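Residue numbers (the working numbering), protein chains in the order written: chain Y, -13 to 234; chain R, -13 to 234.
We treat Cβ as the ideally placed atom computed from N, Cα and C, and that holds for glycine.
Source: prediction; values computed, not measured.
2 protein chains.
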Amino acid sequence: MDNNYQHNLNKGISVDCVIFGFDFEKLKVLVIQRESNEAGTMARFSLPGDLIFDDETLDQAASRVLKELTGLENIFLEQLQAFSSLNRLSKPADKEWLRQMREQPEERVITVAYYALVNLNGFNPMAANFAKAVSWKPVDDINSMAFDHFEILQKAHQQLHSKLKIQPIGFNLLPEKFTLSQLHKLYEVIAGKELDKRNFRRKMIKLEIVEKLNEKQKGVPHKPSSFYQFNLENYQKLAETGFDNFGF
Amino acid sequence: MDNNYQHNLNKGISVDCVIFGFDFEKLKVLVIQRESNEAGTMARFSLPGDLIFDDETLDQAASRVLKELTGLENIFLEQLQAFSSLNRLSKPADKEWLRQMREQPEERVITVAYYALVNLNGFNPMAANFAKAVSWKPVDDINSMAFDHFEILQKAHQQLHSKLKIQPIGFNLLPEKFTLSQLHKLYEVIAGKELDKRNFRRKMIKLEIVEKLNEKQKGVPHKPSSFYQFNLENYQKLAETGFDNFGF
DNA sequence: TAGCAAAATGTCATTATGACACTTAGTAAA
DNA sequence: TTTACTAAGTGTCATAATGACATTTTGCTA
């Protein structure tokens, strides 16, 4: 964002980002850890987010948050939903935290949640000012968060799951070159169940949305896997007719 | 909404509703017609909407708009997306209109769009104060609207199309008792293409989400059609496993 | 009672799915 | 150099789903 201007915060609207990553084992999410107070009541995680500026769109605000935190641009980032409960900021520990951070901590804020998919392989979660407080947590290990962020996370997780059934967005969580086993594992993790290896490979290959490269894993103590890459063109062709179970 | 209290408008956030209906022929949407000014530049349609109150959620605001306009409650109503372009209210004709309606017509407003599905059969589009300005328009006949409402309509239409492939939400557009031909026509209209009648019926019946009633059309000058009703229970069972083309 | 209009129905060839176990290729250790 | 280890990679078959296609049925009307 251009820094020559003074941006005014819009006090009533924020964005929050659910940033998903996949380490070939688990689905993870980027969280910010609040510092504990004496009572320990504040030792909880929140999603990265910010109030929006009056001269930026929601998409721009979400991109800005994402970039400030990870340095990444042009990655998969999609609006999830607006959250507007009247009591979303009103838990005592949350209010205490807000008092430290915001000019008008009591003001009602509606947030628009986004979810992002990043390739966290070889990714350094360091970034800017936040550095120490930012970390990747397995989604399944999280069972509560600050504000209504747990609700947002669950919704985003569910959305990722549904969307993956319809569009091959999972590729955004992998490096450009990946093995079919990695893709297979990714689908299993997000679907939350085992998928037959042969049937999975058959389907992916038949759909022609992956293509085999002349390159193999090296240094692995077993038969090396071939690398594949995603074929955007074939995906788009496919997306026109649409793949879905009703068939129309 | 409880009327004993004074509600304060939240100046920066509105909801807009895309209310879909189906007359067994075409997909229609409820629009509000602005009165023309002398120049005729304002003779355009807008979606029903309103600024939200500070003590209501977005869902509540959308339900309120819907009820004020149609008298209907407890119908299918789902959040679509937030829209936040910086120039969404800044076309000259739109500004002129806003000046007549709002205390702070220049203020930036972000809107959260909803879409609703109603059974418009035997529906009287009269309602409250708006009465004369409200009408059902075929979606396909609309090619421009006030503000960013055409963009919102298109997005809602697209969402309806995608969602129908995954969940049988089309039933919300039909009366409780309907014929398979009506359902067939609905799917054709929303899918925007012909669907084989026999295959369509086979699929619907096999899925067991419709059940045949002992009742037939009367007074039609041809073989009368059986009425069916939607089976929510079977749908929910089905929804757990999920119907989708990837199969996981 | 003949004619009309839309509803209702069945088959078949092709393709997709789901279930299932062994062989292969490279590394590492003996 | 041989052996053991590990994950990659591959094929078949029975069952289910799809897509393409034409005739008969039912009730009303003239």
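Neighbourhood of residue i by C-beta distance below 8 angstroms, restricted to the same chain and skipping five residues each side
| i | result |
| --- | --- |
| residue 71 of chain R | 134 |
| residue 62 of chain Y | 102, 103, 104, 155 and 158 |
| residue 137 of chain R | 69 |
| residue 195 of chain Y | 154, 216, 217, 220, 221 and 224 |
| residue 53 of chain R | 59 |
| residue 165 of chain R | 203, 211, 212, 213 and 214 |
| residue 170 of chain Y | 181, 183, 186 and 187 |
| residue 12 of chain Y | 124, 125, 126 and 175 |
Alpha-carbon spacing of residue i relative to residue j, whole angstroms
| i | j | result |
| --- | --- | --- |
| residue 140 of chain R | residue 125 of chain R | 9 angstroms |
| residue 57 of chain Y | residue 32 of chain Y | 19 angstroms |
| residue 74 of chain Y | residue 5 of chain R | 28 angstroms |
| residue 114 of chain Y | residue 49 of chain Y | Note that residue 114 of chain Y has pLDDT 49, beneath the 50 cutoff, so the model's placement of it is unreliable and no number is given. |
| residue 65 of chain R | residue 145 of chain R | 11 angstroms |
| residue 183 of chain Y | residue 14 of chain R | 46 angstroms |
| residue 180 of chain Y | residue 174 of chain Y | 6 angstroms |
| residue 177 of chain R | residue 147 of chain R | 6 angstroms |
| residue 16 of chain R | residue 109 of chain R | 12 angstroms |
| residue 219 of chain R | residue 122 of chain R | 32 angstroms |
| residue 60 of chain Y | residue 44 of chain Y | 15 angstroms |
| residue 200 of chain Y | residue 99 of chain Y | 40 angstroms |
| residue 190 of chain Y | residue 212 of chain R | 42 angstroms |
| residue 95 of chain Y | residue 208 of chain R | 59 angstroms |
| residue 87 of chain Y | residue 97 of chain Y | 16 angstroms |
| residue 55 of chain R | residue 106 of chain R | 13 angstroms |
| residue 30 of chain R | residue 149 of chain R | 29 angstroms |
| residue 34 of chain R | residue 91 of chain R | 17 angstroms |
| residue 3 of chain R | residue 3 of chain Y | 26 angstroms |
Residues near residue i by beta carbon distance below 7 angstroms, same chain, minus five either side
| i | result |
| --- | --- |
| residue 172 of chain Y | 8, 156, 159 and 160 |
| residue 36 of chain R | 0, 1, 47 and 51 |
| residue 193 of chain Y | 224 |
| residue 162 of chain R | 215 |
| residue 143 of chain Y | 125 |
| residue 197 of chain Y | 214, 215 and 217 |
| residue 93 of chain R | -3 and -2 |
| residue 38 of chain R | -4, -1, 0, 1, 44 and 47 |
| residue 10 of chain R | 168 and 171 |
| residue 232 of chain Y | Residue placement at residue 232 of chain Y is poorly supported in this model, since its pLDDT is 44, which falls under 50; the coordinates still yield a value, given next. Nothing listed; no residue qualifies. |
Counted within 10 angstroms of its Cβ, other Cβ atoms place residue i as buried (16 or more) or exposed
| i | result |
| --- | --- |
| residue 206 of chain Y | exposed |
| residue 76 of chain Y | exposed |
| residue -4 of chain R | buried |
| residue -7 of chain R | exposed |
| residue 85 of chain R | exposed |
| residue 188 of chain R | exposed |
| residue 210 of chain R | exposed |
| residue 222 of chain Y | exposed |
| residue 67 of chain Y | buried |
| residue 202 of chain R | exposed |
Residue i - containing alpha helix (DSSP H), residue span
| i | result |
| --- | --- |
| residue 54 of chain Y | 44 to 56 |
| residue 185 of chain Y | 183 to 193 |
| residue 128 of chain Y | Per DSSP, residue 128 of chain Y belongs to no alpha helix (DSSP H) and is neither H nor E. |
| residue 141 of chain Y | 135 to 152 |
| residue 174 of chain R | 166 to 177 |
For residue i, the first and last residue of its enclosing beta strand (DSSP E)
| i | result |
| --- | --- |
| residue 71 of chain Y | Taken as a continuous stretch (DSSP letters only), residue 71 of chain Y belongs to no beta strand (DSSP E), as it is neither H nor E. |
| residue -1 of chain R | -5 to 8 |
| residue 124 of chain R | 120 to 124 |
| residue 98 of chain Y | 96 to 103 |
| residue 162 of chain Y | Here residue 162 of chain Y belongs to no beta strand (DSSP E), and DSSP marks it neither H nor E. |
| residue 81 of chain Y | From DSSP, residue 81 of chain Y is part of no beta strand (DSSP E) but of the alpha helix (DSSP H) over 78 to 87. |
| residue 201 of chain Y | 196 to 202 |
| residue 41 of chain R | From DSSP, residue 41 of chain R is part of no beta strand (DSSP E); its letter is neither H nor E. |
| residue 212 of chain R | 212 to 216 |
| residue 18 of chain Y | 13 to 19 |
Own chain partners of residue i with C-beta closer than 6 angstroms, once the 5 adjacent residues on each side are dropped
| i | result |
| --- | --- |
| residue 89 of chain R | none |
| residue 119 of chain Y | 18 and 19 |
| residue 40 of chain Y | -6 and -4 |
| residue 21 of chain R | none |
Given 8 angstroms, three or more beta-carbon pairs between the segment 123 to 130 of chain R and the segment 66 to 84 of chain R: no
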